[in-house]
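Working notes, structure below.
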Amino acid sequence: MSELLKTEICGIKMNSPICTASGTFGFGEEFENFVDLKKLGGVVVKCITLKPRAGNAGVRITETPAGMLNSIGLENPGIEKFLSEILPRIKNKMNVIVNISGSSVEEYGELAKLLDVDGVAAIELNISCPNVRDSGIIFGTNSKAAAEVTQAAKNSTSKPVIVKLSPNVTDITEIAREIEFAGADMISMINTLMGMEINIETWQPTLGNITGGLSGRAVKPVALRMVYQVSQTVKIPIIGMGGISSAEDAVEFFLAGASAVSVGTANFLNPSVTMKIYDDLEKYLQRKNFSNIKEIIGKVKI
Ligand SMILES: Cc1cc2nc3c(=O)[nH]c(=O)nc-3n(C[C@H](O)[C@H](O)[C@H](O)COP(=O)(O)O)c2cc1C
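If you're matching positions, the sequence shown starts at 5 in the numbering used here and goes up one per residue.
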């Protein structure tokens, strides 16, 4: 493991600041043949809810120029199966960060409590999913609701609580400020940007859900701008994501103020892309004569 890339965030020891984004990397184990999981800072597993969910009907993914639109709708096996079957299998292989979504403040608290167990490195609150009607985004676009969810989770677990922010808001710094005040340990950002595509032959939306979340290279400048703005506003660490597919992309996020990064859509194009980012990031730091990644965080020259 490279000493240049080792880092620690909120007490979580990471072999690199490179994580994988929820919903794009399964439960990590599916990628074992492509990735040395120990080289990742953490794997943020697919969103878990109290009850299993089948997800949305119809077409759920479509490719766009420089990205993709998805409306998966939080398909997952539910917390019970995750705790009894999946977590025991994966917990010693990687830092497991569990992304959760609830349809009420109480549900977030309940999930956080159930996840206060050995093998969970941190809990990420998905308050920003644009693809389900009964949960998620309502908390992520209202700063009071976001703060309540944060407090409910914090009061129910000893694990670090990461709050994942939605870009589908007018002022992302307002919500960041509120959730920091409410006790969040970390922020991750951004979730997908709400988008749409229409088939001009059938005149129907491509996605069964009508709208979906845009991710991939197209969103990178928006994500980077938001990470920069939030890093100027809060003191808690930020895990930056949105369109990262190379070490160069990642460096931009570190300079903008992210303490770690997550790779999402790029995993679909190349399942071992995080290993290339790992190698190239190490080379970048060597070329620039730095001895650790922490030395470049927030160092953008304005
Ligand atoms: C197919 C797919 C499924 C996703 N599922 C989740 C999810 O369950 N929970 C969540 O917080 N974010 C989810 N996301 C959002 C990603 O974690 C990430 O925030 C977003 O895609 C931006 O990063 P990227 O451009 O590198 O993909 C999903 C994204 C995609 C493309």
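C-beta atoms are modelled at their ideal positions from N, C-alpha and C, and glycine is treated no differently.
Measure from the alpha carbon of residue i to the alpha carbon of each residue in the options, then state which is nearest.
i    : options                : result
V63  : L54, K50, K55, G77     : G77
A270 : D253, E84, F258        : D253
N37  : G302, D283, P275, E178 : P275
G32  : P171, V102, F258       : V102
A25  : F272, Q290, S295, V304 : F272
D122 : K163, T145, E128, N146 : K163
P1   : N130, F294, S219       : Outside the shown range of the chain, which is 5 to 306, sits residue 1, and nothing can be said about it.
A227 : I281, Q236, G247, G216 : G247
K42  : G30, A61, S6, K55      : S6
I281 : K292, S192, S249       : S249
Could you tell me whether any non-hydrogen atom of ligand 1 is closer than 8 Å to the CB of residue i?
i    : result
L78  : yes
M230 : no
I194 : yes
K168 : yes
A61  : no
T269 : yes
E286 : no
N103 : yes
M5   : no
S26  : yes
Quick one: give me the first and last residue of the beta strand (DSSP E) that residue i is part of.
i    : result
K2   : One cannot answer for residue 2 here, as it falls past the ends of the chain, which runs 5 to 306.
S192 : 190-193
S266 : 264-267
I126 : The sequence given here places Ala at residue 126; Ile does not occur at that position. Element bounds for A126: 126-130.
T24  : 22-24
E12  : 11-13
Which stretch, first to last residue, makes up the alpha helix (DSSP H) that contains residue i?
i    : result
M230 : 224-235
A270 : 270-273
N115 : Residue identity differs from the one stated: residue 115 is Leu in this sequence, not Asn. It spans 109-118 - the alpha helix (DSSP H) in which L115 sits, taken as one unbroken run.
M279 : 277-291
V48  : Not the alpha helix (DSSP H): V48 falls in the beta strand (DSSP E), residues 46-52.
Could you tell me which residues DSSP pairs with residue i in its beta bridges?
i    : result
S219 : M72
M200 : T215
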